[in-house]
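This report concerns only the one structure given below.
Residue numbers (my numbering): 11 to 661.
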């Protein structure tokens, strides 16, 4: 064996040389021992021309995870049968049947007498997780565009195709679910090819569930998707440039980074540097996900795998970072275009004592999701918490569920808000919390201008539901900008484009759309611009005292409906007191909606039998004076308990 080859084989032989005392075999050491005893993959068997990096992109529920399962089975990466959503590893993904996190797996595939390394990345389909798709495509050279043969092109199909096209990836159209009775594969193929101007011979009709024609997909991946660009010199003679495109946290080993090697090579023992933080690390292990971690001798140009290098804090694995060798400094890779969260909500622990634990759990979840922003926030009603920014309402809801499922953190999420723009006295600022919004007396000054974010929304719906969709969009202040029928669509379907305020679609809009169209509509949106708007701050008052955590910014035309809705909800969760409690919604000092919780009344005359009526009247007057005193003393102040907040925000 040559010296260069022996360098790369050292991790596999390391087990025979381990000498440790019994006390050294802690949980982390046992884990390291188990990984090194597994058979290492020699990456010299897979030169650059034998590597294919690809992704599966599609609208939600078109079968991405099912196709991934079949590809893993056909390449003997996993055993056939009893496999459902292998790459959907989060509990929330399995419960909801959706992909939230992009996950990858390397497949070893023998084709026409040659060995190929196929790196698959399964991506989300919902619009809120489009950043996951964009980030994953950055590590790919091609993409499978999956379309449901019973539904045809949907809104997110257009979006993910655009993302793949922007990166000049080779796109292979795959028409799924052709075995269903309602499938129209020929019509959908023609629709896809015309819409996206693709080669008519490139479309592959399959059934991912039954495995029909899925083998042809593997052939197309090898034959049509190009390998990574060739290296001008041998990888070991090039400086290392590795793009960190994802990560996850292991409580024994710290942050585990997923990387794509753009040039050079990396192996155990190398000393590497993070370009983002300038921190230095020693490589402890490299490997591929197969789909579980499998150590390799090394990783080299064009390959995708994982890196363990002792990053103890989750924040050290910066998405888009460039990893290089200490001895060979390099210019950083372009990384990823940062995205701005457009939905903000307060996240508070049910028990104030749990804040530090909650903050740490939030940081862990944001490790591999740079689209989430976190800042500390304090509320008079809820105590210490975090103001967290998300890409959308589903993103927020999934984040909450992951906190509960993975970290056992029961939290209170305040009503979501969007970032508003305020121009006052020539100074521009972004308002993300209602407490920073100008008061009515400031708004009376003509020098104050208010703007709210709008989005460009697209809806694809069967024409029989067209009226319901137009009515719904109008009720949510949407302006129609385009209307056309999709060709070769049966039944006829309409593609609508709207300019609509973001605040109108971040709560229950999607559920209303599905309800209005019996689930047949698809919806997608992208950030657009800020538009001047008539906005007001709605304060919720309990017993004439404002509750900061319940304040919200709304359009003036919606203020009355929103006010009535919230005072009614509050009436249901606030317990009765010994005196009458007023619940009000107000704009400035002017109440616009009110509910009243009647006082509890103790029967003070219960023990009086016989006697004059004046005795009973005296007791009743004493009770009345006592209730009046309660209203003026501190004990009469109503504090909404944490449990009531929790019930309020869940309802």
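Beta carbons are placed, not taken as given, at the ideal position from N, Cα and C, and that holds for glycine.
Assigned exposure category for residue i - 16 Cβ within 10 Å defines buried
{"i": "residue 279", "result": "exposed"}
{"i": "residue 178", "result": "exposed"}
{"i": "residue 316", "result": "buried"}
{"i": "residue 224", "result": "buried"}
{"i": "residue 313", "result": "buried"}
{"i": "residue 236", "result": "exposed"}
{"i": "residue 186", "result": "buried"}
{"i": "residue 402", "result": "buried"}
{"i": "residue 32", "result": "Since pLDDT at residue 32 reaches only 35, below the 50 mark, its modelled position is unreliable, and no value is offered."}
{"i": "residue 79", "result": "buried"}
{"i": "residue 334", "result": "buried"}
{"i": "residue 475", "result": "buried"}
{"i": "residue 270", "result": "buried"}
{"i": "residue 194", "result": "buried"}
{"i": "residue 462", "result": "buried"}
{"i": "residue 444", "result": "buried"}
{"i": "residue 371", "result": "buried"}
{"i": "residue 113", "result": "buried"}
{"i": "residue 366", "result": "exposed"}
{"i": "residue 164", "result": "buried"}
{"i": "residue 388", "result": "exposed"}
{"i": "residue 517", "result": "exposed"}
{"i": "residue 582", "result": "exposed"}
For residue i: DSSP bridge partner residues
{"i": "residue 358", "result": "422"}
{"i": "residue 321", "result": "265"}
{"i": "residue 125", "result": "120"}
{"i": "residue 393", "result": "389"}
{"i": "residue 461", "result": "431 and 542"}
{"i": "residue 64", "result": "130 and 152"}
{"i": "residue 534", "result": "468"}
{"i": "residue 399", "result": "354 and 383"}
{"i": "residue 57", "result": "Answer is none; residue 57 lacks a bridge partner."}
{"i": "residue 520", "result": "Looking at the DSSP assignment, residue 520 forms no beta bridge with any residue, so it has no partner."}
{"i": "residue 551", "result": "556 and 594"}
{"i": "residue 316", "result": "268 and 297"}
{"i": "residue 310", "result": "275"}
{"i": "residue 334", "result": "283"}
{"i": "residue 303", "result": "299"}
{"i": "residue 475", "result": "BP columns for residue 475 are empty, so no partner."}
{"i": "residue 605", "result": "593"}
{"i": "residue 214", "result": "184"}
{"i": "residue 51", "result": "306"}
{"i": "residue 600", "result": "597"}
{"i": "residue 292", "result": "281"}
For residue i, the first and last residue of its enclosing alpha helix (DSSP H)
{"i": "residue 231", "result": "224-234"}
{"i": "residue 581", "result": "569-583"}
{"i": "residue 89", "result": "Segment: none, residue 89 is in no alpha helix (DSSP H) and carries neither H nor E."}
{"i": "residue 167", "result": "165-176"}
{"i": "residue 246", "result": "Premise fails: residue 246 is in no alpha helix (DSSP H) and is neither H nor E."}
{"i": "residue 372", "result": "365-375"}
{"i": "residue 451", "result": "450-453"}
{"i": "residue 199", "result": "195-206"}
Run of the beta strand (DSSP E) containing residue i, from where it starts to where it stops
{"i": "residue 489", "result": "489-495"}
{"i": "residue 562", "result": "562-565"}
{"i": "residue 252", "result": "251-260"}
{"i": "residue 505", "result": "503-511"}
{"i": "residue 439", "result": "437-441"}
{"i": "residue 160", "result": "First-last for residue 160: undefined, no H or E at that position."}
Cβ-Cβ separation, residue j to residue i (assumed contact under 8 Å), whole Å
{"i": "residue 561", "j": "residue 391", "result": "No, residue 561 and residue 391 are not in contact; Cβ-Cβ is about 10 Å, not under 8 Å."}
{"i": "residue 204", "j": "residue 498", "result": "7 Å"}
{"i": "residue 467", "j": "residue 515", "result": "7 Å"}
{"i": "residue 275", "j": "residue 245", "result": "4 Å"}
{"i": "residue 148", "j": "residue 201", "result": "Not a contact, Cβ separation roughly 29 Å."}
{"i": "residue 440", "j": "residue 426", "result": "About 16 Å separates the two Cβ atoms, so there is no contact after all."}
{"i": "residue 587", "j": "residue 609", "result": "6 Å"}
{"i": "residue 144", "j": "residue 183", "result": "About 20 Å; that fails the 8 Å criterion."}
{"i": "residue 268", "j": "residue 330", "result": "No, residue 268 and residue 330 are not in contact; Cβ-Cβ is about 12 Å, not under 8 Å."}
{"i": "residue 496", "j": "residue 509", "result": "At roughly 21 Å, the Cβ-Cβ gap does not stay under 8 Å, so residue 496 and residue 509 are not in contact."}
Notebook entry, point to check: Per the contact definition of three or more C-beta pairs closer than 8 Å, is the stretch 535-552 in contact with the stretch 588-596?
Noted result: Yes, the stretch 588-596 is in contact with the stretch 535-552.
Margin query: Between the stretch 58-77 and the stretch 147-156, can you find at least three pairs of beta-carbon atoms closer than 8 Å?
Written below: With the rule of 3 Cβ pairs closer than 8 Å, the stretch 147-156 counts as touching the stretch 58-77.
Notebook entry, point to check: Using 8 Å as the Cβ pair cut-off and three pairs as the minimum, do the stretch 451-467 and the stretch 378-387 touch?
Noted result: Result no; under three Cβ-Cβ pairs closer than 8 Å.
Next item on the list: Please determine if the stretch 206-216 and the stretch 124-133 are in contact, where contact requires at least 3 C-beta pairs separated by less than 8 Å.
Entry: Flag = no, the stretch 206-216 and the stretch 124-133 do not touch.
Notebook entry, point to check: Are the stretch 298-306 and the stretch 280-288 in contact at 8 Å, needing three or more beta carbon pairs?
Noted result: Short answer: they don't touch.
Next item on the list: Taking 8 Å as the threshold, find out whether the stretch 522-542 comes into contact with the stretch 407-415 through three or more Cβ pairs.
Entry: Flag = no, the stretch 522-542 and the stretch 407-415 do not touch.
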